[in-house]
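Residue numbers (full-length UniProt numbering): 1 to 193.
Reading through the structure tokens given below for one structure.
Below, the structure written as structure tokens:
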């Protein structure tokens, strides 16, 4: 069985340190006869950066669907950011050209915003930033069940618990558990508190 690269993978890896085995778990349904695809590189990078890394590191150009349509996805992400632009207007104004062109930069911005809010125990803003990150991830057509989405849903879960938002806590805890189970994590039912 070959394990091919795709910028929209259909499997995610997990490592079991007890048995020292690496396993790949289907994160979407894989029809019979279709290739098993894993991303050799970080998913949330520009097409140009992904192609450069793949060419230098693995000796090939990626021509998957995502690489061909990234320009359209970037336009879609940028078109729906009006409320976000208001919340972070000063930073975006300083670096307007970067954020207009780069989904990766937007993701980095909201990651920083989420970390800052967490450090300040501003749980509502942790949730808002994590939800924005999930929205960007989804609009880029990336898989729902992946280590990145597990981390973001866990941030929502923990922040919702701190903020007393019990319904949101329960929904996000269930999502974390589901992702962990699909991705083959050792203890999908245990949430870190």
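The beta carbon of each residue, even a glycine, is placed where N, CA and C say it ideally should be.
Residues bridged to residue i [DSSP beta-bridge criterion]
i          : result
residue 10 : None, per the DSSP bridge assignment.
residue 26 : 11
residue 21 : 16
residue 38 : 5
Integer Cβ distance of residue i from residue j, believed to fall under 8 Å
i           : j           : result
residue 137 : residue 162 : Between residue 162 and residue 137 the Cβ distance is about 23 Å, and since that is not below 8 Å, they are no contact.
residue 39  : residue 25  : So it is not a contact: roughly 14 Å between Cβ atoms.
Environment of residue i [buried if 16+ CB atoms lie within 10 Å]
i           : result
residue 176 : buried
residue 106 : buried
residue 31  : exposed
residue 120 : exposed
residue 151 : exposed
CB of residue i within 8 Å of CB of residue j, strictly
i          : j         : result
residue 36 : residue 3 : yes
Pairwise C-alpha distance: residue j and residue i
i           : j           : result
residue 146 : residue 183 : 7 Å
residue 72  : residue 18  : Low confidence applies here, because residue 72 scores a pLDDT of 45, under 50, leaving its location unreliable; read the following figure in that light. Each residue's alpha carbon lies about 44 Å from the other.
residue 165 : residue 141 : 29 Å
residue 60  : residue 51  : 8 Å
residue 143 : residue 160 : 24 Å
residue 111 : residue 43  : 15 Å
heavy atom of the ligand SAH below 7 Å from residue i C-beta
i           : result
residue 129 : Annotation note on the ligand SAH: not contained in the displayed structure, which lists no ligands.
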